[in-house]
Every structure is written in structure tokens, then in C-alpha cells.
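For reference, the structure discussed in these notes is given below.
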Amino acid sequence: MASTSMNWSAIDADPRFQELHARKTRFLWGLMAFSVVYYFLLPIGAAYFTDLYRVKVWGAINVGLVFALSQFLVAWGIAWFYARKASEFDAMAEAIARDANALGLQAR
Amino acid sequence: MNAKKFVLPVAALLALAAGPALAQAVSKEYTFLTFSVFGSIIAVTMFVTYLAAKRTKTAADFYTAGGGVSGLQNGWAIAGDYLSAASFLGIAGLISLYGYDGFMYSVGWLVAYITVLLVIAEPCRNIGKYTMGDILAFRNNPKTVKTFMAISTITVSTFYLTAQMVGGGVLVKTLIGIDYEISVAVVGVLMLAYVLFGGMVATTWVQIIKAILLVVASLVMVALVWGQYGFSLPAFLQAATADAGIQAQVARLLGDASRNLSAAELGQRFLEPGLLFKSPIDQISLGMALVLGTAGLPHILMRFFTVPTAQQARKSVIWAMAIIGGFYVLTLFLGLGAAMKVGAPAITEIDRGGNMAAPLLAQYLGGGKDSILGNLMLAFVAAVAFATIVAVVAGLVLAAASAMSHDIWVGVIKGDQTTSEEELKAARICSLIVGVIAIAIGILAKGQNVAHLVALAFAVAASANLPVVLLTLYWKKCNTGGVVAGLVVGTLSAIGLVLVSPNMTYPLQVKAAQEKIIKAQDERLAKLNSELPGLTDPAAIQKAQQGIAAAEKVKAGAQGAITALGDSKTSLVGLSEPLFPLRNPGLVSIPLGFLAVLIGSLLYRDRRAEEMWEELYVRSNTGIGRAGASAH
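Just so you know, the protein sequences line up as chains A and B, in that order. Under the working numbering, the first residue of the first sequence is numbered 1, with each subsequent residue one higher. Under the working numbering, the first residue of the second sequence is numbered 1, with each subsequent residue one higher.
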């Protein structure tokens, strides 16, 4: 299924692809690391900072509940942020894909 | 008691199958309602299947709906695949019995999709075609990696499938009282009808329909229960903490520790952590398996091959996250609502794990046990739960069957030399085989505690599937040696650790726990029996008599559990106590899986894998040369 008629190294070497790759890597893994850390703070906090979770902030609502609810907002926020950023990546990828034939053939 | 507190609900949550159901939720006179609602939903899905069958002409149609599903549709279908009965009934139940901890538990199921969104969905769409094996075959030895990946896919799907089949059988039995074997067979035959005739098209639409029904049912229930408090969150939670039933439940859970707490403090305690989860390390281990395992579940990954582009794959995860997250927020209201309106004792009387919390809340909101509307609502929620199980099972069977037909039969045995017609036929035969096996396993596993199997499926997916897919996509030096090592080590370590974990039944420990229960009930009986003669108030006498009857029942249950153990003294693998302290192996098996891929790749060395890296990386980032929707 791999069609090796394309010269992939030529595309890989293209500065635009290099930039796309670098920006995407930084962005995605940074966001990924943030989300993992933020998520694991919840069970860790529940186990070791129970007193903090008990502090009431609004009626019966305590810090623990606010933190748990914030997980949903943060997850949705990450999705929204990524979707916005991804359209930039899409545009870059599209430009490369448009020139791909020329690029690939050029180096052949 | 602590260990038991943790075991029962989590176990029941994960597979919806812990322990026998104690009572039937729908009284005999109203079963016709349940049957009619079940019948209507089945009729609608059958009609959809009929339409889908006409559109299923090629192998691509069968495996991936021809790649013609839109992002929005796929988002709903992913939600349908993911919101299994375990998360719908189970999490609402956990919140109704344990408050905050149940809600905290639901968070991991949503966060899991961030991994899918950021690093898995789009590259998979750009690189893969029908199966996970396709992704790995891109730059590795196709026959070798397809064989191992297919085995892993079938393993993960079978674990998940068994839990769903047994859970489905128990659910239908509890709700309408038909025999377990018949329930399992009905689930299996329906699912096979969807898959065999309609393939992925029908499976997708069944999942969409079911997800919409699930969300609508939950929204209606939340509106009814939250509306009583003017849709104010503080007022709703205040009412929960002031509820006498919830306060009593907290007192029961805390035992002696609750002596010095006031009623208000007990109620507030329900919104604080620690009523369910006693072992933070175990919980973190479970969190790891959820967050990383979801991205390695074959039936979830397969959904990304049904959309035409990486952009649509991204859009589908974002929709799925909105739906799934929104749904889990609703479970907070369902769970707390059930805790207030139905009460923990009534919930656990029907099912010890709390799985019936949402259906019972529906019954209450409709007007209660003796009203037609109440039973209609119960029937509707039950039918949605049933549809959920059938749809999830259909997705699982499709994933396992495509691994068998596309990876093993076409890829390995036929060396990719088949026509689309032959492959379609093979896919249908494999679906039939997997489906029949699923029904057989479901019936054979009757009464077994299969609760840990869903957790195990996630653990294997996180420890074996995710490392190999992730490193194939993102690490230049990854190769066939690493993939094989990762799949073998990840799968075996996850399964091995569970076999020696506290998930297994250790007869001596069970016996000790049950004897403790018997002793406590004996004391309660002695106390009640000595008080009874002195009582004059008829209400008090009735209460004491009820207490005696309840204690006798609990005692008989415990004695039954001891008898059921027979002469066995050791667990399945011959241990008298667990070797590995955690119920969830992820904390150890996930790093082992990654390590195995690293070491395997470095030892094996494969020039082709490195040469193919550039092509893979360019393709996965740009979508150039993506396998077309129906091209082969």
C-alpha cells in the first residue's frame, strides 16, 4: 500500500515541513504533558490534601468539587485550543501537500 | 471491610456484573411496558440495519462504512461506543452510593480522549486503513506485526466483550426477569444481525441512535430532579447534604469513625473524597490505564477509519469529548438525585454495585413503583441501557472480526491477494465466528465475577497496543522487533499481574470476610430479638421485625457465599493471598510495555523501518497519499 513513487526525503527536507513538524511537536506534547499533570493532580490531591478539598467555597460546594468540575472545563478547553491551533497546521500541511508532486519529482 | 467496600462497587461498575441480582426492578404487571419499549428500540435499529445492508457492498463498506462518516456523526458514534452500560449505570450508581469519589472517577474517562485527540486520531487516519495492524504494517514486517496485533486486538476485545455479555445478561434478567441464558442469546443475536448484515454502517447508526437516546434520557431525568431545586447547583447540593438518607449512608460507610460527626457534617462528608477509594496508588494506576488505554482500544481506534480525512477525525474526537464530558457532568445529578430520592438501601437491594440507581431514579421521577409513567420511564432507561450493551458489543465484534479477516486471513494467509468480494465474505464469516464465541463465553461465564475484565482490557490496551502504535508513529528507530516485544510483554505483564492481584477470588479471605458479616448480623439479631418483647408501639414492632428479616437475609447471603466456595482454598493460579498489591496493573505494566518496545527495537535493528520513517512521518503530518475512502 505504500506508494514509494513520491520522494519523501525531499518533502521531509523542505523547510516548511521542518517548521510544521517542529511547531506541531512542541505544541502537541506540551499540551499533552499539561493535561496529564492536571489530571493526576486530582486523585493525588484527593488522597494527600483532603483537608484542602474540604474547604467550602459556596454553600455546600467545596474545593474538591470545584477542582473535579474544572477538569471538565480544562479538557474541553484543551480540545477547543487544539482545534483552533490545528487549523494553522492544516493550512501549512495543505500548502506542502499541494506542492508535494513538484517537490517529490524535483528531487528524483 | 475496607477492602470489600472498594471491591464491590468498582468491580460492579466496571463490568456491571458483580454478584447476583437480589430483586427484580419491574413488577410483573408492568413487564409489558418494558417489552414494548425494548421492542420499539429494536425495531428502529433493525430498520436502520436493513437500510445499511443495502449500502454494504465492499469490504471497505463493511469495515469502515466506506470512510463516508462525517465528523459529527462519528463523534456521536464514539460516544455511543464509549458510554457503555458500565459508565452509564455504573458511575451514576457509584455517585449515588459514595458521592464525591464516584464523580472523581468519571473524570478519567473523559481526560482519556485528550490523548486520543492530540497524538492518536489524526496520524491513525492518515496512515491506517481498516485495522490497527495496518498502522503497524506500514514500516514493519507486515505479516509478523499483523499476526501479533491481531492477537492483541482479539484479546482486548474478548475481555471487554465477556464483561459486556455477562453484564447484559444480568441487566436484562434484573430488569424483566427473563432467564440469563436467553438474555445473553438475545444480546448476541441482535448484535450479530447488526454486524453481519449492516457492517460498520449499521453499527455506526445503532451507536448514534443509542447515544442520542442515552443523552436525551439523562437530560430529561436531570431536568426533573434538578428542576425541583430551581436549577441551582448550591441549592441542589445543599439539599443533598441535608438529606437524612445520605447522612445515614455516610454513617454506614464510615462506621465507628462517624460517631463524633453531626448530621450536617455527615451530609457534607458525602461531597468529600475518601468514601470509596482507599488506595491512592491503585487509583493512579487505574487512571493511567484509562488515560492511555482508551487510545489503544481497537474498537475506538477503528472509528477513525470511518471518516474521510484527518480533519474529520479531529472533529469527531472533539464532538465525542463534548458529548461524553457533558454526559458525565449529568451523572453527578443522576447519582446525587438517586441518593436522595431513591436512597442507598433501595438501590443496593436491587443490585449491590449500585447499577440500578439511574433506572430506579427514572421510576421515582415518573411517579414511583406503582405508577404507569414511573414504570414507563424505568422501561425506557432500561431499554437504553440494553441498547447500549448491544451497540458496544457490536463495535467490539466488528473490531475483533476485522483483525481476524483483514489482518490474519487476507494479510497473513492470503498475502494481500484477495478481491473485495472475497474479503467481505471473510469478514462476515469472521464476525459470525466471533459473535457465536461471544454468546458461548457469555453463557459459560454465568455467575462468574468478570468485573475486572473491563479494567484488564484497558490495561492491556494501555500496556501493549498504545506503546506500539505511539512509537511506530513517533519514534524513528521503532521496528518489528520492538513491536513484537511490546505487544508480548505488555499483554502478558498486564494479564499476569491481574492473575496474582486482589481482583481474583481468594477463598480463605472471602470466608473470613463473610464470617465477619455473619457475626455482625448475629449480634444485630440478638439485640433486636431481646428488644422485641419490650416494644408496644406497633410501628416500632414492625420496624424491629423488618430489621430481623433483613439481618436474616444478609446472614443467609453470607452463608451462601461460603457454601459456594466449596473446598477450594486457593485462587485460580493457586495462591492463598495476592502477590501483587494493586487491582490495576497499569502502573507497572505500562512502563514495561514501553520499555519492551524500546529494547526490542534497539536489539532487532531494521533498516527498512528506518527508511520508511520519513514517508510515514510526512504522510501522518500532511495526509499525502492517504488511503482513499473506497480504494484498495
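Using N, Cα and C, we set each Cβ at its ideal position, and we do this for glycine too. As the structure is a computational prediction, the values presented were derived from the model and not from experiment.
Item                                                                                                                                                                            : Value
Within 9 Å of any Cβ in chain C, is that where the Cβ of V36(A) sits?                                                                                                           : Here chain C cannot be found, since the structure's protein chains are A and B.
Check whether the Cβ of A83(A) lies closer than 9 Å to any Cβ atom in chain B.                                                                                                  : yes
Using three-state DSSP, classify A23(B) as helix, strand or coil.                                                                                                               : Caution applies to A23(B), whose pLDDT of 48 falls short of 50 and renders its modelled position unreliable; the value that the coordinates give is listed next. DSSP places A23(B) in coil when its eight states are reduced to three.
Closer than 8 Å between beta carbons: that is the criterion. Which residues of the segment 100-112 of chain B meet it against chain A?                                          : Y100, D101, F103, M104, V107, G108, L110 and V111
Shorter than 9 Å from the beta carbon of Q238(B) to some beta carbon of chain A?                                                                                                : yes
Which residue wins for smallest C-alpha separation from H299(B), given the options D416(B), E349(B), H452(B) and V116(B)?                                                       : V116(B)
In angstroms, rounded to a whole number, what distance separates the CA positions of D416(B) and A150(B)?                                                                       : 15 Å
Beta carbon of I324(B), beta carbon of A79(B): below 9 Å?                                                                                                                       : yes
May I have a chain-ordered list of the beta strand (DSSP E) segments no shorter than 3 residues that lie completely inside the segment 236-287 of chain B?                      : none
For N529(B), count neighbouring C-beta atoms within 10 Å of its own C-beta (all shown protein chains included) and say buried if the count is 16 or more, exposed if not.       : exposed
Measure the CB-CB distance between I127(B) and R619(B) and report whether it falls below 9 Å.                                                                                   : yes
Excluding the five sequence neighbours on either side, which residues of its own chain have a C-beta within less than 6 Å of the C-beta of E611(B), listed in chain order?      : none
So with CB distances below 7 Å, who are the chain A contacts of L118(B)?                                                                                                        : L28, L31, M32 and Y82
Exposed or buried, what is P533(B) when buried is set at 16 or more other beta-carbons lying within 10 Å of its beta-carbon?                                                    : exposed
Which chain A residues sit within Cβ distance under 8 Å of M321(B)?                                                                                                             : A75, W76 and A79
Would a check of beta-carbon distances place A100(A) closer than 9 Å to chain B?                                                                                                : yes
To which residues of the same chain is D407(B) closer than 7 Å at the C-beta, ignoring the five residues directly before and after it?                                          : T131, G133, K146, M149 and A150
For V483(B), which option in T331(B), K569(B), A121(B) and P142(B) has the closest C-alpha, if you only look at C-alpha atoms?                                                  : P142(B)
Can you tell me which residues form a DSSP beta bridge with W613(B)?                                                                                                            : Bridge partners of W613(B): none, in fact.
Buried or exposed for L213(B), going by 16 or more other Cβ atoms inside 10 Å?                                                                                                  : buried
At 4 residues or longer, what runs of the alpha helix (DSSP H) sit wholly inside the segment 352-395 of chain B?                                                                : 357-365
Leaving aside the five residues before and after L424(B) along the sequence, list all residues of the same chain whose C-beta is less than 6 Å from its C-beta, in chain order. : A59 and F62
So G490(B) packs on A464(B), CB below 8 Å; how close in whole Å?                                                                                                                : 3 Å
If contacts are defined as beta-carbon pairs under 8 Å, then L525(B) and I541(B) qualify, I think. What distance do you get, rounded to the angstrom?                           : 16 Å between Cβ atoms; not a contact.
Indicate whether at least one CB of chain B lies closer than 9 Å to the CB of P15(A).                                                                                           : no
Check the C-beta distance from F386(B) over to F35(B) and give it rounded, since I have them as a contact under 8 Å.                                                            : The pair is not a contact, with the Cβ atoms about 11 Å apart (cut-off 8 Å).
In terms of residues, what are the limits of the beta strand (DSSP E) holding K56(A)?                                                                                           : K56 to W58
Does DSSP classify N529(B) as helix, strand or coil?                                                                                                                            : helix
With distances taken Cα to Cα, identify the nearest neighbour of E272(B) among A75(A), G45(A) and I78(A).                                                                       : G45(A)
Over what stretch of residues does the alpha helix (DSSP H) that includes E19(A) continue unbroken?                                                                             : P15 to Y48
Taking the alpha helix (DSSP H) that D416(B) belongs to, which residues open and close that run?                                                                                : That residue, D416(B), is in no alpha helix (DSSP H); it is neither H nor E in DSSP.
Kindly say whether F88(B), judged by its beta-carbon, lies nearer than 9 Å to any beta-carbon of chain A.                                                                       : no
Along the segment 189-219 of chain B, where does the CB come closer than 8 Å to a CB of chain A? Name the residues.                                                             : none
Which chain B residues are close to R54(A), counting only those with a beta carbon under 7 Å from its beta carbon?                                                              : E272
Quick check on L396(B): buried or exposed, where buried means 16 or more other Cβ atoms within 10 Å of its Cβ?                                                                  : buried
What do you get for I281(B), buried or exposed, if any count of 16 or more other CB atoms within 10 angstroms of its CB means buried?                                           : exposed
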